[in-house]
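J.: Note that my numbering gives residue 723 to position 720 of the sequence shown, counting from 1, and the numbers run on in steps of one.
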Amino acid sequence: MKFTDGNWMMQPGVRALSPSMAYEAEAEHDSLVVHAPLFPIHGRWSMLDGPLVTVRYSAPCEDVIRVNISHFLGERERSPQFEVNESVGFNPCVSAGDQSLCLRSGRLSVCIPDRKRWAVDFAADGRILTRSGERSMAMVEKAGDGVHMREQLDLGVGEYVYGLGERFTPFIKNGQTVDTWNRDGGTGSEQAYKNVPFYMTNRGYGVFVNQPENVSFEIASERVSKVQFSVKGNSLEYFVIYGPTPKEVLEMYTALTGRPALPPAWSFGLWLTTSFTTSYDEATVTEFIQGMEDRDLPLSVFHFDCFWMREFHWCDFKWDERVFPDPPAMLSRLKARGLKVCVWINPYIAERSRLFADGVSNGYFLKRADGSVWQTDQWQPGMAIVDFTNPAACEWYASKLKALLDMGVDAFKTDFGERIPTDVVYFDGSDPYKQHNYYSYDYNKVVFDLLVRERGEGDAVLFARSGTVGSQKLPVHWGGDCNSTFESMAESLRGGLSLCLSGFGFWSHDIGGFEGTPDPTVYKRWIAFGMLSSHSRLHGSTSYRVPWVYDDEAVDTLRFFTKLKCRLMPTIFQAAVEAHESGTPVMRAMLVEFPEDPTCAYLDRQYMLGESLLVAPVMSGDGFVEYYVPEGAWTNYLTGDVVLGPVWRRENHGFLSVPILVRPNTVLAVGNVDYKPDYDYHEGVTFEIYEISDGASLVVTVPAQFGTRALSLDVTRKGNSLSASASGIVGSWRLLLVNAVASVVYGNASSSVIARGSLIEPAEGVTAVELTMKNTRK
Numbered sequence: 004m005k006f007t008d009g010n011w012m013m014q015p016g017v018r019a020l021s022p023s024m025a026y027e028a029e030a031e032h033d034s035l036v037v038h039a040p041l042f043p044i045h046g047r048w049s050m051l052d053g054p055l056v057t058v059r060y061s062a063p064c065e066d067v068i069r070v071n072i073s074h075f076l077g078e079r080e081r082s083p084q085f086e087v088n089e090s091v092g093f094n095p096c097v098s099a100g101d102q103s104l105c106l107r108s109g110r111l112s113v114c115i116p117d118r119k120r121w122a123v124d125f126a127a128d129g130r131i132l133t134r135s136g137e138r139s140m141a142m143v144e145k146a147g148d149g150v151h152m153r154e155q156l157d158l159g160v161g162e163y164v165y166g167l168g169e170r171f172t173p174f175i176k177n178g179q180t181v182d183t184w185n186r187d188g189g190t191g192s193e194q195a196y197k198n199v200p201f202y203m204t205n206r207g208y209g210v211f212v213n214q215p216e217n218v219s220f221e222i223a224s225e226r227v228s229k230v231q232f233s234v235k236g237n238s239l240e241y242f243v244i245y246g247p248t249p250k251e252v253l254e255m256y257t258a259l260t261g262r263p264a265l266p267p268a269w270s271f272g273l274w275l276t277t278s279f280t281t282s283y284d285e286a287t288v289t290e291f292i293q294g295m296e297d298r299d300l301p302l303s304v305f306h307f308d309c310f311w312m313r314e315f316h317w318c319d320f321k322w323d324e325r326v327f328p329d330p331p332a333m334l335s336r337l338k339a340r341g342l343k344v345c346v347w348i349n350p351y352i353a354e355r356s357r358l359f360a361d362g363v364s365n366g367y368f369l370k371r372a373d374g375s376v377w378q379t380d381q382w383q384p385g386m387a388i389v390d391f392t393n394p395a396a397c398e399w400y401a402s403k404l405k406a407l408l409d410m411g412v413d414a415f416k417t418d419f420g421e422r423i424p425t426d427v428v429y430f431d432g433s434d435p436y437k438q439h440n441y442y443s444y445d446y447n448k449v450v451f452d453l454l455v456r457e458r459g460e461g462d463a464v465l466f467a468r469s470g471t472v473g474s475q476k477l478p479v480h481w482g483g484d485c486n487s488t489f490e491s492m493a494e495s496l497r498g499g500l501s502l503c504l505s506g507f508g509f510w511s512h513d514i515g516g517f518e519g520t521p522d523p524t525v526y527k528r529w530i531a532f533g534m535l536s537s538h539s540r541l542h543g544s545t546s547y548r549v550p551w552v553y554d555d556e557a558v559d560t561l562r563f564f565t566k567l568k569c570r571l572m573p574t575i576f577q578a579a580v581e582a583h584e585s586g587t588p589v590m591r592a593m594l595v596e597f598p599e600d601p602t603c604a605y606l607d608r609q610y611m612l613g614e615s616l617l618v619a620p621v622m623s624g625d626g627f628v629e630y631y632v633p634e635g636a637w638t639n640y641l642t643g644d645v646v647l648g649p650v651w652r653r654e655n656h657g658f659l660s661v662p663i664l665v666r667p668n669t670v671l672a673v674g675n676v677d678y679k680p681d682y683d684y685h686e687g688v689t690f691e692i693y694e695i696s697d698g699a700s701l702v703v704t705v706p707a708q709f710g711t712r713a714l715s716l717d718v719t720r721k722g723n724s725l726s727a728s729a730s731g732i733v734g735s736w737r738l739l740l741v742n743a744v745a746s747v748v749y750g751n752a753s754s755s756v757i758a759r760g761s762l763i764e765p766a767e768g769v770t771a772v773e774l775t776m777k778n779t780r781k
């Protein structure tokens, strides 16, 4: 929200009052409390009839500082509030002198250097990260719109802002106005399904605004050298988080707000859906699944979209028996094929639903101020919205889903949750403005918690659309309604990269686009992008997405990339474990891995899949793609060609190709199964060794599956000597030395090996291999 009229004037009816000085301060054991008048002090007479703000600086953990700005301390704090984790017993260092005030948390500090002149510096490792300067913090009175609290933090020269949730607008947020208000706007607008009031910059820090309601950001827009954020009301709280790398910022942010659960390995395989408004019954479903099997197309999950329930009855969680006469038997047949089953749901109950009367009589729905049920005709005639602040309503809703789990359903696509009204009354008295975005968290948490209870922590997964702070704990999320065009493919990737810079570890999208029917070229190019994403789903609106309705080449393309993803699962699943344990996403903007490379600050048409694979989707009808390769000798995974960076590349690719480059100094774990994503990754794994530098020592981990222990391989190079030592679960394993020739010794045997020509296969029980490298790239 903009308050000013250029540099010097305010908009009509707007008055901004800013702290003039740190008039009084108190150093407490865990915080620094500053009382700042919002007017200049010239004498006792000027201390009357004016506002004052209390600013409390504290630290929930090292390298994080909390700033709480309050006017009218007697106001009742209204729910909901984001869940924030704090380190028990952690106390920052606080000092309050006659001239300056300071609080230090690990390497990060906040200081007011001159108590007589308001300015606040956030510094770390000997440099100022950002500053709230004179007239930056303010209480803003706006005629007809009440009071707003505002903060402005400086941006330096060349400083760029990222994140703020799943945003489909330009990747770098400088120059944009962002309102964090969940909306059902598709991927082609400035609106977003998943709004997160958290941003990071390329200067090594992030800012989390701890306000569930709409936070209005002006990012180098109203003030081109500042990030401004404001909320309506008399208080504002935010955290400054120091990295200094993007990975460390995300690690600290997700430590505060929660890390993603680890999705089951089967969820990383291919999902196929009925599509939305297409006509289907059990025979259609069986035809699709059999068609995939006949064409050797690995399929992991089949998803039933909206019309598994009868029209006008959404949601009653009852199969439409006109087209699915015996759901338990049908699900049993699907499970016998080795498939998991997902069904579409949302939190809206239509008047014709068999559950509507029960929800009304028991008070399970959002209400109007007069006590009547809030209803609308948008989406379903006369529909009501489940009130998830009511524990009984949560239990009631979950019980309907449990019946589906008992029937054989494995996962839920938790659609919608954005169109939540504010002229409502919640069971627990929650503020409807704060609850608007937070509703998405409550809704998905009820469903996810049920899956954890019924399926276990390692087997719970959603396919969710809406979200906010904390929703990253409830994976996975997909990008919503996109068009079937290359432009929409690009905007989807921008949204995913922004979301993954906002604490979310897993993200997906509709392969081929949702709206309309994609041109076969768009469909085939999107397949490569989709199968090289965290999660992969074929889904559409009015047309089917099985590949044979396009052409035979589409079938071949889907087979190639689906099998490729299955083989890469030891590496992809280890990236998933990292997302779960540290908050680093599976799909990473280039700046996450290469923060020191200024070119990577801009890149939004390519990404890193885990830490070692660079992927550049082809988004053109002629097959040309331009992408950037950072410094080093990178290897094209599909061809073995070496690309020396830093360099921009322009290449032409067929449908069975896409730039997938392996980072130098990488040991890539590749599985021996290409027909499913969930298998014992350590059994028969091949360790592919790429461009190991002299003196390098690397450890690669193959994650555990099905109760096994992880397998680790230590690789060290000294001169022309390369040693590899395996530990953990050591069964049959192999080495592939890429772009090098070597002699190998293990036991009493030796031989020669040429990369991509033959494999080093230690005998059963052999855990160490030594190689003498004959020819390797320097």
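The beta-carbon is built from N, C-alpha and C at its ideal position, and this holds for glycine as well. Being a predicted model, the structure only gives us computed values, none of them experimental.
Which ranges does the beta strand (DSSP E) cover as unbroken runs of at least 3 residues, wholly within the stretch 654 to 720, from first to last along the chain?
T.: Within the stretch 654 to 720, the complete beta strand (DSSP E) runs of at least 3 residues are 663 to 665, 669 to 673, 688 to 693, 700 to 705.
J.: Going by the CB atoms, is the gap between Ala-727 and Val-718 shorter than 8 Å?
T.: The count along the sequence shown starts at 1 and reaches residue 718 at position 715. The count along the sequence shown starts at 1 and reaches residue 727 at position 724. Yes, the Cβ-Cβ distance between Val-718 and Ala-727 is below 8 Å.
J.: Report the residue from Asp-409, Gln-378, Thr-669 whose alpha carbon sits nearest the alpha carbon of Val-427.
T.: Indexing the sequence shown from 1 puts residue 427 at position 424. The shortest C-alpha separation from Val-427 is found at Gln-378.
J.: Is Lys-781 helix, strand or coil when you go by DSSP?
T.: By 1-based counting over the sequence shown, the position of residue 781 is 778. Residue placement at Lys-781 cannot be trusted, given a pLDDT of 47 that sits under 50; the coordinates are not used to answer.
J.: Which whole-angstrom value describes the C-beta separation of Val-67 and Leu-259, a residue pair presumed to lie in contact below a C-beta threshold of 8 Å?
T.: Your numbering for residue 67 matches position 64 in the sequence shown. Your numbering for residue 259 matches position 256 in the sequence shown. Right, their Cβ atoms sit about 7 Å apart.
J.: Check whether the stretch 210 to 224 and the stretch 554 to 565 are in contact - that is, three or more C-beta pairs closer than 8 Å.
T.: Output reads no: the stretch 554 to 565 does not touch the stretch 210 to 224.
J.: May I ask you to report which of helix, strand or coil DSSP gives Phe-201?
T.: What you label residue 201 is simply residue 198 of the sequence shown in a count that begins at 1. Three-state DSSP puts Phe-201 in a strand.
J.: Determine whether the beta carbon atoms of Phe-391 and Asp-445 lie at a separation below 8 Å.
T.: As a first step, residue 391 must be located in the sequence shown, where it is residue number 388. As a first step, residue 445 must be located in the sequence shown, where it is residue number 442. For Phe-391 and Asp-445, yes; Cβs fall inside 8 Å.
J.: Count Cβ pairs between the stretch 708 to 715 and the stretch 684 to 699 that sit closer than 8 Å; are there 3 or more?
T.: Counting Cβ pairs under 8 Å, three or more are found: they touch.
J.: Mark Pro-15 as exposed unless 16 or more other C-beta atoms lie within 10 angstroms of its C-beta, in which case mark it buried.
T.: Sequence index remark: in the sequence shown, residue 15 carries index 12 (1-based). Per the 10 Å Cβ criterion, exposed.
J.: Look at the alpha carbon of Gly-77 and the alpha carbon of Thr-57, and state the distance between them as a whole number of angstroms.
T.: Reading the sequence shown from its first residue, position 74 is the one you call residue 77. Reading the sequence shown from its first residue, position 54 is the one you call residue 57. For Gly-77 and Thr-57, the distance between alpha carbons rounds to 12 Å.
J.: What does the alpha-carbon distance come out to for the pair Pro-435 and Thr-425?
T.: Residue numbering aside, residue 435 sits at position 432 when the sequence shown is read from its first letter. Residue numbering aside, residue 425 sits at position 422 when the sequence shown is read from its first letter. Distance between the alpha carbons of Pro-435 and Thr-425: 5 Å.
J.: Please state whether the Cβ-Cβ distance between Gln-179 and Ile-244 is less than 8 Å.
T.: For this step, residue 179 is matched to residue 176 along the sequence shown. For this step, residue 244 is matched to residue 241 along the sequence shown. Cβ distance not < 8 Å, so Gln-179 and Ile-244 don't count as in contact.
J.: Report the residue from Gly-166, Leu-664, Phe-627 whose alpha carbon sits nearest the alpha carbon of Gly-498.
T.: The residue labelled residue 498 in the question sits at position 495 within the sequence shown. Checked all of Gly-166, Leu-664, Phe-627; the closest Cα to Gly-498 is Gly-166.
J.: Comparing the CB of Val-150 with every heavy atom of the ligand SAH, is any distance shorter than 7 Å?
T.: By its list of ligands, the structure shown contains no ligand whatsoever, and the ligand SAH lies outside what it can speak to.
J.: Between the beta-carbon of Leu-132 and the beta-carbon of Ile-115, is there less than 8 Å?
T.: On the sequence shown, position 129 is the one that residue 132 refers to. On the sequence shown, position 112 is the one that residue 115 refers to. No, the Cβ-Cβ distance between Leu-132 and Ile-115 is not below 8 Å.
J.: Determine the extent of the alpha helix (DSSP H) in which Lys-405 is found, giving its start and end residues.
T.: Within the sequence shown, the letter at position 402 stands for residue 405. 394 to 410 is the extent of the alpha helix (DSSP H) around Lys-405.
J.: Pick out whichever of Glu-654, Tyr-678, Tyr-693, Val-661 has its Cα sitting closest to the Cα of Ala-672.
T.: What you label residue 672 is simply residue 669 of the sequence shown in a count that begins at 1. When only C-alpha atoms are compared, the closest one is Tyr-693.
J.: Between Gly-272, Phe-271, Val-304, Met-410, which has its C-alpha nearest Phe-320's C-alpha?
T.: Residue mapping note: residue 320 aligns to position 317 of the sequence shown, counting from 1. Nearest of Gly-272, Phe-271, Val-304, Met-410 to Phe-320, Cα basis: Met-410.
J.: Among Ser-539, Ala-126, Gly-657, Leu-738, which residue has its Cα nearest to the Cα of Ser-761?
T.: As a working note, residue 761 is residue 758 in the sequence shown. Looking at the Cα atoms, Leu-738 is the closest of the given residues.
J.: Report the CB separation of Phe-415 from Leu-465 in whole angstroms; it is logged as a contact under 8 Å.
T.: For the purposes of this step, residue 415 is identified with residue 412 of the sequence shown, where counting begins at 1. For the purposes of this step, residue 465 is identified with residue 462 of the sequence shown, where counting begins at 1. About 6 Å separates the two Cβ atoms, so the contact holds.
J.: For Val-733, which residues of its own chain have a beta-carbon under 6 Å away from its beta-carbon, when the five flanking residues on both sides are left out?
T.: The count along the sequence shown starts at 1 and reaches residue 733 at position 730. Within the same chain, Val-733 has close Cβ partners Thr-770.
J.: State the DSSP-derived secondary structure class of Leu-541, mapped to helix, strand or coil.
T.: Sequence index remark: in the sequence shown, residue 541 carries index 538 (1-based). Strand at Leu-541.
J.: Asn-185 and Ser-469 - do their beta-carbons sit closer together than 8 Å?
T.: In the sequence shown, residue 469 corresponds to position 466, counting from 1. In the sequence shown, residue 185 corresponds to position 182, counting from 1. Yes, these two residues count as a Cβ contact at 8 Å.
J.: For Tyr-283, which residues from the same chain have a beta carbon less than 6 Å from its beta carbon, with the 5 sequence-adjacent residues on both sides left out?
T.: The residue given as residue 283 occupies position 280 in the sequence shown. Correct list, in chain order: Thr-277.
J.: At the 8 Å Cβ level, is Pro-173 part of the contact set with chain C, yes or no?
T.: Chain labels in this structure do not include chain C; a single protein chain is all it has.
J.: Following the continuous alpha helix (DSSP H) through Phe-242, name the residue where it begins and the one where it ends.
T.: Within the sequence shown, residue 242 is the residue found at index 239, counting from 1. Run containing Phe-242: none in the alpha helix (DSSP H); it sits in the beta strand (DSSP E), 238 to 245.
J.: Please identify the residue among Ser-238, Met-13, Glu-89 whose C-alpha is closest to the C-alpha of His-74.
T.: Here residue 74 refers to the residue found at position 71 when the sequence shown is read from its first residue. If we check each option's Cα against that of His-74, Ser-238 comes out closest.
J.: On a Cα-Cα basis, can you pick out the residue from Ala-604, Met-590, Ser-90 that is closest to Gly-613?
T.: The residue labelled residue 613 in the question sits at position 610 within the sequence shown. Of the candidates Ala-604, Met-590, Ser-90, the one whose C-alpha sits nearest the C-alpha of Gly-613 is Met-590.
J.: Looking only at its own chain, which residues have a Cβ that is under 7 Å from the Cβ of Lys-781, when we skip the five neighbours before and after it?
T.: Indexing the sequence shown from 1 puts residue 781 at position 778. Because the pLDDT of Lys-781 is 47, which lies under 50, any placement of that residue in the model is unreliable, and the number read from its coordinates should be weighed accordingly. Correct list: empty, nothing qualifies.
J.: Is Lys-250 near Leu-156, with beta carbons less than 8 Å apart?
T.: As a working note, residue 250 is residue 247 in the sequence shown. As a working note, residue 156 is residue 153 in the sequence shown. No.
J.: I'd like the list of long-range same chain contacts for Leu-453, defined as Cβ closer than 8 Å, with 5 residues on each side in sequence excluded.
T.: Locating residue 453 in the sequence shown gives position 450, counting from the first residue. Around Leu-453: Ala-401, Leu-404, Lys-405, Leu-408.
J.: On the DSSP bridge list, what partners appear for Glu-144?
T.: Position 141 of the sequence shown, counted from the first residue, corresponds to residue 144. According to DSSP, Glu-144 bridges with Arg-18, Val-150.
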